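Residue numbers (this note's numbering): 36 to 567. Working notes, beginning with the structure itself.
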């Protein structure tokens with residue numbers, strides 16, 4: 036449940052799994068599970084967080100079996116002119132992430148070449164891991180076996196790179212195979228998060244930089260690209276068909292020296308989801324033939340993604356309005372009103388400098404602190420009909436929802452003194468439905484959950500933050516504005532639940548002391564304030 040998730044990354048630390056992916060939302064970066072690549076070992080559930088929900092007895096919802104869904108409007112597909120084989124072998128490198136079918140694409144190309152009686156050599160190379168690591172399949176196709184004189188595509192010798200992942204496709208190992216004027220790249224622009232995301236919760240996906248690097252190396256016309264993962268998920272119901280879609284894309288571009296009949300026969304002989312893989316190949320062809328028609332087909336998904344980017348650039352008023360609505364549901368209108376009034380106070384003070392960034396930061400982070408996720412809030416978010424509807428969109432069948440929780444009042448502790456999560460069946464959701472109705476007790480003498488150290492800390496943080504911001508406003512000027520912004524953004528570091536949140540809280544408090552000391556020094560020496 037992304038609204039329960041704090042974006043702390045403990046699930047990634049516990050599982051070291053790349054199927055735990057970043058999800059950018061209105062309320063910051065969260066996590067999601069890529070259902071297409073998840074290997075179901077459930078180690079991510081060990082992350083100390085109540086957001087995880089396991090679905091038992093159901094299955095991933097498939098696309099409408101009657102064929103209803105996105106319809107192609109790009110017209111009939113012409114057959115491309117295929118490259119002719121000369122004295123040299125045609126070198127293809129399939130570059131992507133292990134466990135997603137990279138090697139399978141190499142095998143399909145090899146079998147198709149064999150069916151046509153051509154010479155063929157394939158060699159696979161894996162990086163640090165078979166699943167989740169960089170993987171390459173080298174394919175050499177010749178007019179006959181005598182035309183192939185090596186077992187791998189050499190430096191500057193690739194005629195085609197099928198880039199199933201942009202990070203791998205733009206990596207050094209792949210780039211050294213390319214040569215301007217000879218090489219072409221068929222590129223999936225959606226990048227799989229790397230191990231860097233597990234270690235660094237602020238990891239930024241370099242997909243666009245990878246695209247730019249390839250274009251700079253080969254020229255724009257030589258790099259065909261589209262978001263095959265988004266297309267596969269929307270059109271096929273599963274991102275696992277991304278790679279055969281990329282094969283179809285490269286073939287329609289005229290960059291693969293093999294006939295369609297041989298490739299279809301190779302897919303048939305592979306005997307795995309034959310019809311689905313053929314459909315994926317066909318969708319890839321369509322994307323290459325008419326990119327605009329494909330973009331229009333994917334528009335609903337693209338528009339949804341754009342909403343997130345748009346909201347990042349929203350006005351302070353719009354940003355505050357959405358959070359006022361959320362806090363009203365969280366507690367009540369009066370509680371939300373105190374939030375709105377405080378942000379307005381900051382906005383008025385900052386407006387004298389002609390800036391808005393401090394107001395935006397306070398709007399985000401005062402909200403984050405005020406909407407702390409206690410038992411009432413976790414119960415409210417898990418029983419929200421919108422969340423149940425989201426589950427129903429992903430899964431079908433007679434399933435049950437199980438939660439993984441460590442309620443502070445009843446959970447046992449391990450040898451480190453940390454609370455231990457337990458699994459709770461569907462009855463817990465019913466209990467949560469009742470608990471959520473008692474949110475009015477939050478912070479009162481009758482709030483039995485509010486007596487724990489964690490809840491006391493969360494309430495104290497709100498008051499501390501307000502006091503800090505008030506102090507900043509009292510001495511705010513153009514010279515110290517950047518430092519004020521850094522101080523006001525400190526709650527971004529406080530993430531998670533239980534011992535994870537406590538660890539982040541302590542680090543943030545140390546940082547706060549350092550920044551406030553600099554603020555005091557700058558006040559004594561005007562003009563010396565700078566953000567670090």
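A virtual CB, placed ideally from N, CA and C, is assigned to each residue, including glycine. All values reported here derive from a predicted model rather than from experimental measurement.
Judged by DSSP in its simplified three-state form, residue 459 adopts strand. Taking every protein chain shown into account, the CB of residue 309 has fewer than 16 other CB atoms within 10 angstroms, so this residue is exposed. Nearest Cα to residue 332 within the set 388, 307 and 270: 270. In terms of Cβ geometry, residue 41 and residue 402 do not form a close pair [threshold 8 angstroms]. Nearest in C-alpha terms to residue 51, of all of 73, 366 and 383, is 73. For residue 261, the enclosing beta strand (DSSP E) starts and ends at 258–261.
Beta-bridge partners of residue 379 (DSSP): none assigned. For residue 292, the three-state secondary structure derived from DSSP is coil.
For the pair residue 398 and residue 378, the CB atoms are nearer than the 8 angstroms cut-off. Judged by pairs of C-beta atoms under 8 angstroms, the stretch 385–392 does not touch the stretch 365–377, as fewer than three such pairs exist. Counting C-beta pairs with one atom in each stretch, the stretch 457–468 and the stretch 108–127 have fewer than three that are closer than 8 angstroms, which means they do not touch. In this structure, DSSP gives residue 418 a state outside helix and strand, which the three-state scheme calls coil. Residue 243 is classed as exposed because its beta carbon has fewer than 16 other beta carbons within 10 Å across all chains shown.
A distance below 7 angstroms between beta-carbons, with the five flanking residues on each side excluded, links residue 36 to the following residues of its chain, in chain order: 86, 88, 416, 417 and 422. The three-state secondary structure of residue 515, taken from DSSP, is coil. Secondary structure at residue 56: strand, using DSSP grouped into helix, strand and coil. In this structure, the beta-carbon distance from residue 196 to residue 220 falls below 8 angstroms.
For residue 545, the enclosing alpha helix (DSSP H) has its first and last residue at 533–559. DSSP places residue 65 in the strand class (E or B) of the three-state scheme. Under the three-state reduction of DSSP, residue 41 is assigned to coil, being neither helix nor strand. A Cβ-Cβ distance of about 17 angstroms is found for the pair residue 496 and residue 521, leaving them out of contact under the 8 angstroms criterion. The C-alpha of residue 536 is placed about 38 angstroms away from the C-alpha of residue 136.
Within the same chain, Cβ atoms closer than 7 angstroms to the Cβ of residue 49 are found at 78, 79, 81 and 82, the five residues on either side in sequence being excluded. The C-alpha of residue 508 lies about 11 angstroms from the C-alpha of residue 523. The beta carbons of residue 264 and residue 223 sit closer together than 8 angstroms.
Straight across, the Cα-Cα distance linking residue 145 with residue 248 is about 29 angstroms. Between residue 292 and residue 315 the beta-carbon gap is near 21 angstroms, outside 8 angstroms, which marks them as no contact. Membership of residue 221 in the beta strand (DSSP E) is indicated by the continuous run 219–223. Under the three-state reduction of DSSP, residue 505 is assigned to helix. Setting aside the 5 residues that flank it on each side, residue 547 is surrounded in the same chain by 503, 522 and 525, each with a C-beta closer than 8 angstroms to its C-beta; the list follows chain order. Residues 292 of the same chain have their beta carbon placed closer than 6 angstroms to that of residue 118, with the five preceding and five following residues left out of the count.
Under DSSP, residue 128 forms a beta bridge with 173 and 196.
In this model, residue 251 and residue 261 are separated by some 17 angstroms (Cα to Cα).
Looking from the CA of residue 209, the closest CA among 217, 226, 190 and 225 belongs to 190. The beta strand (DSSP E) runs of length 3 or more contained entirely in the stretch 428–481 are, from start to end of the chain, 435–440 and 457–459.
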